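If you read the protein sequences in the order shown, they are chains A and B.
All residue numbers for the first sequence refer to the numbering used here, where the first residue is 1 and numbers rise by one.
All residue numbers for the second sequence refer to the numbering used here, where the first residue is 220 and numbers rise by one.
Reading through the structure tokens given below for one structure.
Number of protein chains: 2
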Amino acid sequence: MPRTRVEVYEEIFKDHNEVAGRVLEALEARGCGMVNVLGSPGAGKTSFLVALIRALAPLPCSVVEGDLESDIDAVALRKLGIDAHQINTHGTCHLDAIQVEALLPAIPAAARAVFIENVGNLICPVSFWLGEKARVLVASTTEGSDKPHKYPPAFAGSDLVVVNKVDLAEVMEFDRAFFERGLRAANPKARIVYVSSKHGTGIPEAAAIVRELLARKPA
Amino acid sequence: MPRTRVEVYEEIFKDHNEVAGRVLEALEARGCGMVNVLGSPGAGKTSFLVALIRALAPLPCSVVEGDLESDIDAVALRKLGIDAHQINTHGTCHLDAIQVEALLPAIPAAARAVFIENVGNLICPVSFWLGEKARVLVASTTEGSDKPHKYPPAFAGSDLVVVNKVDLAEVMEFDRAFFERGLRAANPKARIVYVSSKHGTGIPEAAAIVRELLARKPA
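Shown next as structure tokens:
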């Protein structure tokens, strides 16, 4: 009997989630937890990670950079003394657990947190669990306040929503109430922090929440 | 013999491109041309379209809005007196030609240009020709100057690259030379215009190029 589209998807995701489960276990065994960071192109995921990792110091952190092409972000992070690894997807719109598992031997044994900077895309990466303990969505005031209304799955699946570039909120006429209404409709539980990665606003609060998320027992 | 992944993709795209070809022909027969507008979430595609359509007046234009959920943009356009139609993809990361063909009867016969505002995504919509005569990529200074380096296919496939929010270029430390180096590496031929949809900067120039693109013979 031919399989339905839903059955085929379920089979693909079952295999994929087994790999992600192995990634989670391998990191747990080292006393390390992973955070999957999602967001649109240009939301400021890299700048946020730099500010966050500085605030988490002296916690040993590694970063995995996902991009279609280029190693711009990994090179920039290494120049700042941050352990960074690049995955190029060459056209694919998300990272998968197979790519992350293949990279595990390169992550230093001392690392206690691994941050995945996923491909800039507010849609496709949402469907792929990579073995992370927590998911952080980086939005930005410059993208406008309607994003949770237009892209609910990305917001629904996140533990923490970081609204970056808060220093530009006024000039961008960012409407916090409208943004939060959309966020709450998609996700009543997510934590939310307004940050400026450039000026440090909100970073200590975001770091405290990330520490909490990393300390959770895996579901 | 089982088909390879490439063969399966080729078959899917062959069927899809046939539908897109019908859309192109149906619109040509009415004296109308379609422009596919791509860009990241929050690049300012809708604001650009409003400014563009005003600059193209009295040309009768219609807009097709693609979003996962919500009709925020279509409602906003209609309030401004612009003919607008909403497609909700309910989770899918791009529009396809089947959706556009189904909408054609709703487009007024008087329309001479149809602008598709694709789902906000700098990756997936690139692969789907919808029957458009031209493709416009809306980037923005607030996304940073590295986007053509990181997402080359979106830039490679565009006839016109609009860099929006140029009024924020200075505060965002937008690096034009670096942006244009990346663009030229991906696409030596694309036209480029820096605009502020909010203040009208560059809009007459963008409108002149769109008129030219609409007047082209289809390839």
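Just so you know, even glycine gets a beta-carbon here, dropped at the ideal spot from N, CA and C.
None of the values given here were measured: they were computed from a predicted structure.
Quick one: what does DSSP say R22 of chain A is sitting in, helix, strand or coil? Translated into positions along the first sequence, residue 22 of chain A becomes position 22. Note: R22 of chain A maps to helix in three-state DSSP.
Do the segment 341-353 of chain B and the segment 386-397 of chain B make contact, defined as three or more Cβ pairs closer than 8 Å? no
List the residues that DSSP assigns as beta-bridge partners of N340 of chain B. Here residue 340 of chain B refers to the residue found at position 121 when the second sequence is read from its first residue. According to DSSP, which records beta bridges pairwise, N340 of chain B is partnered with B:G258.
Please check if any C-beta of chain B sits within less than 9 Å of the C-beta of K79 of chain A. By 1-based counting over the first sequence, the position of residue 79 of chain A is 79. False, the Cβ-Cβ gap to chain B never drops below 9 Å.
Whether or not the segment 269-277 of chain B and the segment 419-428 of chain B are in contact is what I'm after, with contact meaning three or more pairs of Cβ atoms, one per stretch, closer than 8 Å; do they touch? yes
Residues that N255 of chain B contacts on chain A, provided the C-beta gap is smaller than 8 Å: Here residue 255 of chain B corresponds to residue number 36 of the second sequence, with the count starting at 1. Those within 8 Å of N255 of chain B in chain A number zero; the least Cβ separation is about 17 Å.
Would you mind listing the beta strand (DSSP E) stretches within the segment 35-111 of chain A that are 3+ residues and don't spill past its ends, in chain order? 61-67, 83-88
Tell me the DSSP secondary structure of S346 of chain B in three-state form. Counted from its first residue, the second sequence places residue 346 of chain B at position 127. In the structure shown, S346 of chain B sits in a helix (DSSP, three-state: H, G or I).
Does chain B have any CB closer than 9 Å to the CB of E212 of chain A? Within the first sequence, numbered from 1, the residue matching residue 212 of chain A stands at position 212. No, no contact with chain B.
Neighbour-count burial assignment, G263 of chain B, 16 or more Cβ in a 10 Å radius: For the purposes of this step, residue 263 of chain B is taken as residue 44 along the second sequence, with counting starting at 1. So G263 of chain B ends up on the buried side.
With 16 other Cβ atoms within 10 Å as the buried cut-off, status of P188 of chain A: Residue numbering aside, residue 188 of chain A sits at position 188 when the first sequence is read from its first letter. With fewer than 16 Cβ atoms within 10 Å of its Cβ, P188 of chain A is classed as exposed.
Ignore the nearest five residues each way along the sequence and tell me which others in C93 of chain A's own chain have a CB closer than 7 Å to its CB. As a first step, residue 93 of chain A must be located in the first sequence, where it is residue number 93. So the qualifying residues of the chain are V119, N121, C124.
DSSP puts N383 of chain B in a beta bridge; with which residues? For the purposes of this step, residue 383 of chain B is taken as residue 164 along the second sequence, with counting starting at 1. Note: N383 of chain B sits in a beta bridge opposite B:S359.
May I have the straight-line CA-CA distance separating L314 of chain B from G157 of chain A, to the nearest angstrom? Within the second sequence, numbered from 1, the residue matching residue 314 of chain B stands at position 95. Within the first sequence, numbered from 1, the residue matching residue 157 of chain A stands at position 157. Near 23 Å, if we compare the C-alpha coordinates of G157 of chain A and L314 of chain B.
Does DSSP classify Y370 of chain B as helix, strand or coil? Here residue 370 of chain B refers to the residue found at position 151 when the second sequence is read from its first residue. Coil, per DSSP.
For C32 of chain A, go through chain B and note every residue whose CB falls closer than 7 Å to its CB, in chain order. Residue numbering aside, residue 32 of chain A sits at position 32 when the first sequence is read from its first letter. Near C32 of chain A there are no residues of chain B at all, since even the closest Cβ is about 27 Å away, more than 7 Å.
Roughly how many angstroms separate the alpha carbons of A109 of chain A and E28 of chain A, rounded to a whole number? Within the first sequence, residue 109 of chain A is the residue found at index 109, counting from 1. Within the first sequence, residue 28 of chain A is the residue found at index 28, counting from 1. Cα to Cα, the separation comes out at about 12 Å.
What number of angstroms, rounded off, separates the C-alpha of V64 of chain A from the C-alpha of R430 of chain B? Looking up residue 64 of chain A in the first sequence gives position 64. Looking up residue 430 of chain B in the second sequence gives position 211. Spanning the two alpha carbons is a distance of roughly 44 Å.
Nearest-angstrom Cα distance between V114 of chain A and A185 of chain A? For the purposes of this step, residue 114 of chain A is taken as the residue at position 114 of the first sequence. For the purposes of this step, residue 185 of chain A is taken as the residue at position 185 of the first sequence. If you take the alpha carbons of V114 of chain A and A185 of chain A, they lie about 30 Å apart.
Out of B:D378, B:S346, B:G250, B:L432, which has the shortest C-alpha to C-alpha gap to K233 of chain B? One-based indexing of the second sequence puts residue 233 of chain B at position 14. When only C-alpha atoms are compared, the closest one is B:S346.
Y194 of chain A bridges to which residues according to DSSP? Stepping through the first sequence from its first residue, residue 194 of chain A is reached at position 194. Answer is A:V163, bridged to Y194 of chain A.
Beta-carbon gap between T141 of chain A and V163 of chain A smaller than 9 Å: Locating residue 141 of chain A in the first sequence gives position 141, counting from the first residue. Locating residue 163 of chain A in the first sequence gives position 163, counting from the first residue. For T141 of chain A and V163 of chain A, yes; Cβs fall inside 9 Å.
Between which two residues does the alpha helix (DSSP H) harbouring E431 of chain B extend? Taking the first residue of the second sequence as position 1, residue 431 of chain B is located at position 212. Counting along the chain, the alpha helix (DSSP H) containing E431 of chain B begins and ends at 422-434.
Starting from the C-beta of P371 of chain B, find all residues in its chain whose C-beta is less than 6 Å away, skip the five residues before and the five after it, and write them out in chain order. To locate residue 371 of chain B, count along the second sequence from 1; it is residue 152. So the list reads A405, once near-sequence residues are dropped.
Less than 9 Å between the C-beta atoms of A26 of chain A and L77 of chain A, yes or no? Mapped onto the first sequence, residue 26 of chain A falls at position 26. Mapped onto the first sequence, residue 77 of chain A falls at position 77. For A26 of chain A and L77 of chain A, no; Cβs fall outside 9 Å.
Would you kindly work out how many angstroms separate the C-alpha atoms of C250 of chain A and A139 of chain A, rounded to a whole number? The first residue shown for chain A is 1 and the last is 219, placing residue 250 of chain A beyond what the model contains.
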